[in-house]
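There are 6 protein chains.
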Amino acid sequence: MERNIESFIGCDSDYENADIVLYGAPFDSTTSYRPGARFGPSAIRHESFGLETYSPYQHTDLTDRSVFDSGDMELCFGDPDRALSDIQSRASIILADNKFPLLLGGEHLVTLGAVRAIYQKYPGLHILHFDAHADLRDDYLGARLSHACVMRRCHDLLGDGRIHQFCIRSGDRSEFMFAQAGHTDMHPFDFNGLKQLVDVLRRNRTPVYLTVDLDCLDPSVFPGTGTPEAGGVSFLQLLDAIRISCGADIVGADINELAPMLDSSGMSTAVACKVLRELILALNC
Amino acid sequence: MERNIESFIGCDSDYENADIVLYGAPFDSTTSYRPGARFGPSAIRHESFGLETYSPYQHTDLTDRSVFDSGDMELCFGDPDRALSDIQSRASIILADNKFPLLLGGEHLVTLGAVRAIYQKYPGLHILHFDAHADLRDDYLGARLSHACVMRRCHDLLGDGRIHQFCIRSGDRSEFMFAQAGHTDMHPFDFNGLKQLVDVLRRNRTPVYLTVDLDCLDPSVFPGTGTPEAGGVSFLQLLDAIRISCGADIVGADINELAPMLDSSGMSTAVACKVLRELILALNC
Amino acid sequence: MERNIESFIGCDSDYENADIVLYGAPFDSTTSYRPGARFGPSAIRHESFGLETYSPYQHTDLTDRSVFDSGDMELCFGDPDRALSDIQSRASIILADNKFPLLLGGEHLVTLGAVRAIYQKYPGLHILHFDAHADLRDDYLGARLSHACVMRRCHDLLGDGRIHQFCIRSGDRSEFMFAQAGHTDMHPFDFNGLKQLVDVLRRNRTPVYLTVDLDCLDPSVFPGTGTPEAGGVSFLQLLDAIRISCGADIVGADINELAPMLDSSGMSTAVACKVLRELILALNC
Amino acid sequence: MERNIESFIGCDSDYENADIVLYGAPFDSTTSYRPGARFGPSAIRHESFGLETYSPYQHTDLTDRSVFDSGDMELCFGDPDRALSDIQSRASIILADNKFPLLLGGEHLVTLGAVRAIYQKYPGLHILHFDAHADLRDDYLGARLSHACVMRRCHDLLGDGRIHQFCIRSGDRSEFMFAQAGHTDMHPFDFNGLKQLVDVLRRNRTPVYLTVDLDCLDPSVFPGTGTPEAGGVSFLQLLDAIRISCGADIVGADINELAPMLDSSGMSTAVACKVLRELILALNC
Amino acid sequence: MERNIESFIGCDSDYENADIVLYGAPFDSTTSYRPGARFGPSAIRHESFGLETYSPYQHTDLTDRSVFDSGDMELCFGDPDRALSDIQSRASIILADNKFPLLLGGEHLVTLGAVRAIYQKYPGLHILHFDAHADLRDDYLGARLSHACVMRRCHDLLGDGRIHQFCIRSGDRSEFMFAQAGHTDMHPFDFNGLKQLVDVLRRNRTPVYLTVDLDCLDPSVFPGTGTPEAGGVSFLQLLDAIRISCGADIVGADINELAPMLDSSGMSTAVACKVLRELILALNC
Amino acid sequence: MERNIESFIGCDSDYENADIVLYGAPFDSTTSYRPGARFGPSAIRHESFGLETYSPYQHTDLTDRSVFDSGDMELCFGDPDRALSDIQSRASIILADNKFPLLLGGEHLVTLGAVRAIYQKYPGLHILHFDAHADLRDDYLGARLSHACVMRRCHDLLGDGRIHQFCIRSGDRSEFMFAQAGHTDMHPFDFNGLKQLVDVLRRNRTPVYLTVDLDCLDPSVFPGTGTPEAGGVSFLQLLDAIRISCGADIVGADINELAPMLDSSGMSTAVACKVLRELILALNC
C-alpha cells in the first residue's frame, strides 16, 4: 500500500522529470486586516479533486504537462525574515535544477522570497503584477517586510520601470504618487495596455516574473481573501490576461492571497484551482 | 383550522385544475464532490415566501397561472435505480393527466427519471440542456447511473443530434470528444446559437424537454451548488435563454443542483426561486 | 489616555467644523423577511479600518473632507413611530446647524424619518431612490410604517412626480401600476435616464434627497441584505450613478439595508464601506 | 395528488380529533440584540423530519398522541400590539374547542398573547417560567411590550407570587430586586425547588402555564438564540424539569427563542425539536 | 524533493513495519438526513496538524507507535454494494498481513465492510458499538444497505447477543423492541455496564470489533454530524470507555460519522482527531 | 453631539478616576494553527452591549466599579519584538499611575509584554496560568517569541516554581517533562489544588499576575479559539476559579485567545464578555 499523497490534481510527475515545480508558502503573519492566506495552498491542493484536468479554454490537459507538487514548506510564523529566506532557498534549488518555480501563497509578501531568487538568476527581470492593491508602501506601521510593501521591496531590488501593475484600485495617496512619479508602470482598474506591453517584453526577450494576487478578481467571483476590493476583473478577463502574459518569457510565477476560511461557499478556492490549472497550461514549459 | 401547507409561492391551484405540476426529487446519492442538492426543492419552496409573485420582466404574475405543487417525493437514498423509477412513475401520472411536469432536483441524475417518462409519450423528443458540465461520461468510478453521466444516459435513449447543450465549460477530454464526434450538439460557455436552434425546433414542432442545471450560472450569482465552475452566464442571460426556449414546444422541464447549505447567504436559493418563477411564467401552458 | 473612539475611517472632524454628519439608525423591526439591517451602521464603521481613505476613482481622500461621525442612535425596537421620530429629531438638529445629514440604516423605513426633517426645510424636495424594490405598498400585513411602504409614505408627503426610482426589479403588481399611473417616476432594472434627469434637477436647482438601498446592487456583489434580488447593477455602475447624482443639489442622503450577518465573507460590508467613501467624496459639501 | 403538508413530525391528527394544537408565532420585532427567532417555529417543523417520533426516555411515541399542527400565523412585523392580539385570538379559539394550546415562538413576548387568552379561562393561573433572563423590566428603551418585559406584563395580569421562575442568570439589578421583593418566585441558575413547588401546585389543582425560553439551556447545547447566557442547564436537566412540571395541571404551554440562523450546525434546532417531542409526550392530554 | 504526503499526525511508519493501518472510507450515499460524512477521514488527516502527538491522559506518544496511514479509498458514490465490497477487500489485505485495520468513515454503513472481513478471520467476533442511534432497522425506505440498518446487517452475520450497544438514545420503537427481545445487548444513554462486559470478554478471550459512531458524544461537544442527538456522553466519558474497551481483545476498529462541513468552528474535527489519537494509543498493538 | 465611543459595557470612568484600565492587544502573528485572535478585544468590546452589567453570581454591578477602557493598541503585525515592547510600555504607564492593568488579547504571546512591565514593579511576582496548553516550548519552528513559548519566556524571567499552571491538557512530551522537573507548578486538566495554592499566596502577600487563556474552557463552551482542546472546564468552574484567585494579591491580569470569526454563533464572544465582567467584579480594586 502507498502513503497518502496529496498533490494538485494532474500534477503527478517525478521531480526529476518535471518541468514545473509547485511549492506552497503557508505564511500570513504580516496580514494587516483578516488573516487566513496561510491555508490557501493546502486548500487549493485539497479541493483540486473537484476540478477537471482538461481545459476547454485551451483544449489541453494537465496530464499533458510534467508538474511536480512539492507541498507546503514549514515556515516560521511571526518571523518574516526567516520565512522569506526559506522561500528564496526553495526557489533557488528549483531554478538550479532548470525547472520552473510556481509558488502558491500565502500572503503576497511571499513573492519577495521568490523574486530574490529569480532576480539572482535573471538580473534583467521585469515583474507583471496583477492585484487590487498597489503594495507600494515603504512601511506599514513600521514594518518594511509587510504584504502592503511587497512591490516596494521588489522595486528596491529591480529599480524604476520594471514593475508593471494591473487592476490596481486600492492604496493610499502616496502609493499612487510613487507610481505616477514613474517608479512603477501602473495600469489602474483592469488589464488595459497589457497586450502592448507583452509584445514589447517578448520582442526584447525580457525575463518576466508573473505574480497574481487573486484579489485582482472582483469580490463577487473571489470573496475569500483578506481585503476584498469591489470593482475588480472577471474570471474570463483574468484568464485572458494570463494567456496573453504567457506570450512573454515567463521565468517564474505565483498565485496568492486565497484565504479559504473567509468564503464558506468554497467558490473562491474553486476559482483559485481553475486559475492555477489555466496558468500551468498557458506556460510554455 | 387548516393544516400547514407549504407550496411554492403563488402555486395554490387544485391538482384537477392545474396546468403545471411541480414535483420535487430530493436525491443526491451519486454526487461525487459536495452533496446537499437533496435539500434544493424544499429550500426553494420554503424561501419562496421572500419572492414576489409578479414578474416585472414578463409583466405577469404567478397568480395568473394554475400550478399545483405536489411536494417532495420520498426517495430511497443510496439506490439510484429505485429513485429513478419513482421519479419516472410520478412524471408519467402527471403526463397521463395532460399536465406539464416540472421537476425540482436534486442532483442532475433525477432528470433521467423524467426524460424516460416523457420520451415514452414523445418519441421524437429533443433535450435543451443548460449546464456548466457536459455530463457525458459513460461511467463515473464504475457507476453508470451518476450525475456525471446523466446526459450520456439520455443519449442512450434518444440517440445522436437530439441533445442540445449550452454553457458547457467543464468535463474530461473524452466528453468533449464525444460531443465533437456529433453525438450531441454542444455550445460551450454560453447561449450562442440558442435562438437559431429554437427557431428550427419550433418550425418542426419538435417536442422539447428543458433541463436547467443551475450551475450554468456563474458562481458569483449561484455559489450554492456542488461543483461551482467559474466563467458562467449571468442571471439575465439565463432569463433570456429561458424565454427564448419557451418559443419551442416545451413538454417537460426541470431545474436542479441547488445545494442550499453551501451558500449561507441564501442568495443561491433566492436566485433559484426567481428562475423557477420566470420559467413558470414563460411556459405556454 | 483616550477613550476608544470608533468612527468611519477618515471621519475625524469635530462636530463644529464638520460639513457632513454621519448618524446611524440601527433599526429593522419591520423587516418582513430576514432581519439584521440593525447591525449595518456599526459594521460599516467597524470594518472601515480595512478601507483606504483615498479614492483612485475620484483622486481625492476622506482626509480632505470634514466629516463627523455621531455614531448610532439608541432606537426603540418594535416601535416604528418612536424610532422615526427620533431619527427626524437628529436630522433636524444637523440641518439646523447647516450641516449635511448622512444617514446609515438600518432597514429602509429609517429614510422616512430623515425625509420628514428635510422636507420641512426644503418643501420643494425631490427624492432619488436607488433600490431593487419599489417600496410603494400602501400597507404590509396591515402596517403602514413598514420598509415595504417607505416610498409610499414619502409620496404621501411629497406628492406625484417627485420620487425618481432606479434599478427597481421587484414588487407586487399594484406597486408597478401605482408608478405607471404617474405617481412616481420609475426606471426599472438600471440607471437608464438618470443623467438626463439630473441635468434637469440641476438646472432647476431642485433640492434632492438621495436614498441608496444597497440591494440595488446585484446579489453577487452584495449578498448581505434581507431580500437579495438577482439582476441588479454592478458596483461600478452604482459608483457612476452616485457621481452623476451629485451633480444635482443633494441636501441629504442615506445608504441602508446592509445586513452584515447574512454574508459571512464580509464582502457586502466592504462594498458598503466603499460606497459610503465614494458618496462622501462625491458630495459637494 | 396531495398538497405539500408540513407538520411537526408525527403530528398528523385532524383538528377535530386533536387533543393538542400547535400554533406558531413567527415574531421577533422587539428583540433588542440579535433577531431571528421569527424563523424558529418553521425551522422546528422543517427539521423535525430528522427526529424519531419515539422517545426512549418516556417509552412512548408521538403517533400515540393526537396533535394537530396549525402552522404559523401571519403576524405583522413592527406592531407588537396587533401581533399579540392575533396570538390571543388563536389561543382563545383553541381553548374554546377544549384543546391544549401549544405555542411555538418567536421571541418571548409572544407568550403574553397566549397568557392573556388562558388567564381569561383560568383566572387562578400560575406560570412556570424557565429562562436565562428575568424578563421583568418595566420597559425597555421606552417600550413596555418587549421581550425583556414579558414576565413583568404577565405580573401586571396575575399579580404577586404566581410567576415561578427557574434558571434565571441574567437581568439588571432592578429585576432581581423586583423578584426579591416577593413579586415573583425566582429560583436562580437551575431547577432547584421545582419538585416541591409542583407538588404544591398539583395538590391545589392550580392551573399552570408552562413557558420554556430555550435559552435556559446552556449555550453549549443551544447556541442558536438571540442572547446566549453561559452557565445554563443541560438538556437532560430540562427534560427532567419538563416531566416534573407535567405533574401539575398544565393548561397551556410554549417553547420559544430558537433563532436557527445563529447556529449553522443545526444542533440548536435539533434540540428544540426534541424538547418539543418530550413536552408533547409528557403532557397529560 | 519529496511529494506531498498527508498522513494522520505521527503515523509515519512504513506499511511493512506498521502494527496499525489506517484506511479511509469517504462514503455517505445512504445518509438519510444531512450528508457530508464523506469528508470525515480527509478532514481528520488534514486538521491533525493542529494536534499534539503526545497524550497527557495516557502519558505516551503517537511516535511511540508504528502506524501506517493508507489514505482514502476511491469509492463509488451511489452504489453501496460496490463500496462495501471495496472496503471488505482492503480490510482483508490488512488482516492477511497481520496488521490492525483501523477504519475512518464515512457514514456508519462502512462498518459493515470491515466487519465482513474481520468476521471471516474471527468467527467468534463480538461487536462493541458506541452510538446515539440503534441502527437496527431492517430497511430504510426500502434499502437494506443503509446507515440506519448497519447493526441489523451485522446481526444477520453474527446472530443474537454478540452486539453490545452503548449510549443509544434514538431509534424507532421497533428497534428498541428488537433489542429488548434479546437480539442485541443494548445499554441506553451512556456506558453503564461497559466495565463488567469487558471483564467477561477479556476473560473469554473473545475477539472484539469496536465501532465508534462519534455521535455518541453530546452535540455540544460534537455538532458536526448528520443527525446530532442531545443527551450524549462527554469527551472524557468516551475516552474512559475507549480505554476500558481496549482491555478486551480488540481485533479491528473504526470511528465514523464526522461531517466536518456541518461544524464551521472546527471543534468537531478536532475532537475526532483526539479520539483517534487516544484510540491508537490505547490499543495493545 | 458626541463622537462614537465604544467601551466595554459599564466601563465609562475617566482615566484619572479609574482603578482598572483595559487595554487591547490585537496581535496574533505567531499563531501557528488558526489565526484570528487579533479580533478578540474589539469583539469583546463590540458585543458587550448584549451583556448585563449586573452579576447575579457576585450580586454587584460594573457600574459600581471605576474602569477605563483605553481601546486597542495599534500593533505591528509580523514583528513580535516591537509588539511586545509596545504592550510593555502601555502596561508600565498604567502601573506608574497606580492603576490595575487588565489586558485583552490577542494570542497568548501578548502576556509576555504585560509580565515584563509588572515584573519590573513586582520582582517577587508569581503567575497564575489557566490554559489548555502548557506553552512551555523553548522555541516553535525556530521562533522563541511564539504563543507556544510564552510561559517558557516568563519562566526565563521569573525562574522555577513561580508559574502555577491549571487545566493543562495539551503539549508535547518535553513540555510536560519540563514541568515535572519542577520548573513550573503544573496542575493538569482542571483547577485541582488552586484553593490551597491561593491560600499560601495570600498568606505570603505574594504579588500575582493572572493570565486566562480562554481555551482552558471546554470547546463546547468556547469553540471560537485557534486550537480548541476537548476535555476542558465549564464556565461555572472557571468563574469559581477566578473568584478564588482574586483572594490573592492580583496585580495584573489578562484574558486572551478569543478568535471570534471561528465561532459564527457568537457564543464564544458572549462567554468572553461574561468572564471579563466577572473578573472585573472579583478584583479587589
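Chains as they are written, first to last, in the numbering used here: chain A, 1 to 285; chain D, 286 to 570; chain Z, 571 to 855; chain V, 856 to 1140; chain F, 1141 to 1425; chain P, 1426 to 1710.
No residue lacks a Cβ here, since even glycine has one placed at the ideal position from N, Cα and C.
The structure displayed is predicted, hence computed values, not measured ones.
Check whether the Cβ of phenylalanine 235 of chain A lies closer than 8 angstroms to any Cβ atom in chain D.
-> yes
Hey, quick one: how far does the alpha helix (DSSP H) through proline 956 of chain V stretch, first residue to last?
-> Note, proline 956 of chain V: premise wrong, no alpha helix (DSSP H); beta strand (DSSP E) at 955-960.
Supposed contact pair asparagine 1629 of chain P and glutamate 1532 of chain P - C-beta distance, whole angstroms, cut 8 angstroms | No, glutamate 1532 of chain P and asparagine 1629 of chain P are not in contact; Cβ-Cβ is about 31 angstroms, not under 8 angstroms.
Quick one, are the C-beta atoms of leucine 654 of chain Z and glycine 683 of chain Z less than 8 angstroms apart?
-> yes
State the beta-bridge partners of glutamine 1020 of chain V as determined by DSSP.
-> V/His984, V/Met1041
Chain-ordered chain P contacts of lysine 1414 of chain F [CB-CB under 7 angstroms] | Ala1655
In chain A, which residues lie with their C-beta within 8 angstroms of the C-beta of glycine 509 of chain D?
-> Ser265
Which residue from Z/Ala613, Z/Thr776, Z/Gly606 puts its Cα closest to that of glycine 836 of chain Z?
-> Nearest in C-alpha terms to glycine 836 of chain Z, of all of Z/Ala613, Z/Thr776, Z/Gly606, is Z/Ala613.
Taking the alpha-carbon positions, what's the arginine 319 of chain D to aspartate 1221 of chain F distance?
-> 21 angstroms
Please name the residue in F/Gln1336, F/Gly1322, F/Asp1278, F/Cys1307 whose C-alpha comes closest to that of threonine 1351 of chain F.
-> The shortest C-alpha separation from threonine 1351 of chain F is found at F/Cys1307.
Segment limits, alpha helix (DSSP H) that includes proline 1220 of chain F | 1220-1236
Near-chain P residues of the segment 1098-1127 of chain V - C-beta to any C-beta below 9 angstroms | Leu1117, Asp1118, Ser1119, Ser1120, Ser1123
Could I get the ranges of all uninterrupted alpha helix (DSSP H) runs contained in the segment 192-216 of chain A, with 4 residues as the minimum, in chain order?
-> 194-203
Under the three-state DSSP convention, the category serine 351 of chain D falls into | coil
What's the gap between the Cα of arginine 858 of chain V and the Cα of aspartate 354 of chain D?
-> 6 angstroms
Show which residues of chain V have a CB atom less than 8 angstroms away from the CB atom of glutamate 644 of chain Z.
-> Leu996
Given a cut-off of 8 angstroms, decide if serine 599 of chain Z and glycine 648 of chain Z are closer than it, judged by their beta-carbon atoms.
-> yes
Can you tell me which of the three DSSP states alanine 282 of chain A falls into?
-> helix
For tyrosine 1448 of chain P, which three-state DSSP category applies?
-> Here tyrosine 1448 of chain P sits in strand by DSSP.
Residues of the segment 77-105 of chain A with Cβ closer than 7 angstroms to any Cβ of chain P, in chain order = Residues passing the 7 angstroms Cβ filter: Phe77, Gly78, Asp79, Pro80, Arg82.
Under a CB-based cut-off of 8 angstroms, is glycine 1584 of chain P close to chain A?
-> no
Check threonine 1485 of chain P in the structure and name its three-state DSSP category.
-> strand
Proline 626 of chain Z versus serine 618 of chain Z - alpha carbon distance = One Cα belongs to proline 626 of chain Z, the other to serine 618 of chain Z, and the distance between them is close to 17 angstroms.
When the cut-off is 8 angstroms and only beta carbons count, does histidine 963 of chain V lie next to chain D?
-> Not a single C-beta of chain D is nearer than 8 angstroms to the C-beta of histidine 963 of chain V.
What are the start and end residues of the alpha helix (DSSP H) that includes valine 1005 of chain V?
-> That run of the alpha helix (DSSP H) goes 1005-1013.
Answer yes or no: does any C-beta atom of chain Z fall closer than 8 angstroms to that of serine 897 of chain V?
-> No, its Cβ sits nowhere closer than 8 angstroms to a Cβ of chain Z.
Would you tell me roughly how many angstroms separate the C-alpha atoms of serine 583 of chain Z and leucine 853 of chain Z, rounded to the nearest one?
-> 16 angstroms
Got a sec, what are the start and stop residues for the alpha helix (DSSP H) alanine 544 of chain D sits in?
-> First-last for alanine 544 of chain D: undefined, no H or E at that position.
Can you tell me whether DSSP reads aspartate 1665 of chain P as helix, strand or coil?
-> helix
Does the beta carbon of glutamate 337 of chain D come closer than 8 angstroms to any beta carbon on chain Z?
-> yes
So, is lysine 1699 of chain P buried or exposed, given that buried needs 16 or more other C-beta atoms within 10 angstroms?
-> buried
contact_flag[the segment 1198-1212 of chain F, the segment 1354-1367 of chain F] where n(CB pairs < 8 angstroms) is 3 or more = Fewer than three beta-carbon pairs drawn from the segment 1198-1212 of chain F and the segment 1354-1367 of chain F are found closer than 8 angstroms, and the two stretches are therefore not classed as touching.
9 angstroms Cβ cut-off: residues of chain P touching phenylalanine 1031 of chain V = Tyr1479, Pro1481, His1484
Closest residue to aspartate 61 of chain A among A/Ile93, A/Thr31, A/Ile9 (Cα-Cα distance) | A/Ile9
Taking 8 angstroms as the CB-CB cut-off, is serine 1454 of chain P touching chain Z?
-> no
Can you find a C-beta in chain P that's less than 8 angstroms from the C-beta of glycine 36 of chain A?
-> yes
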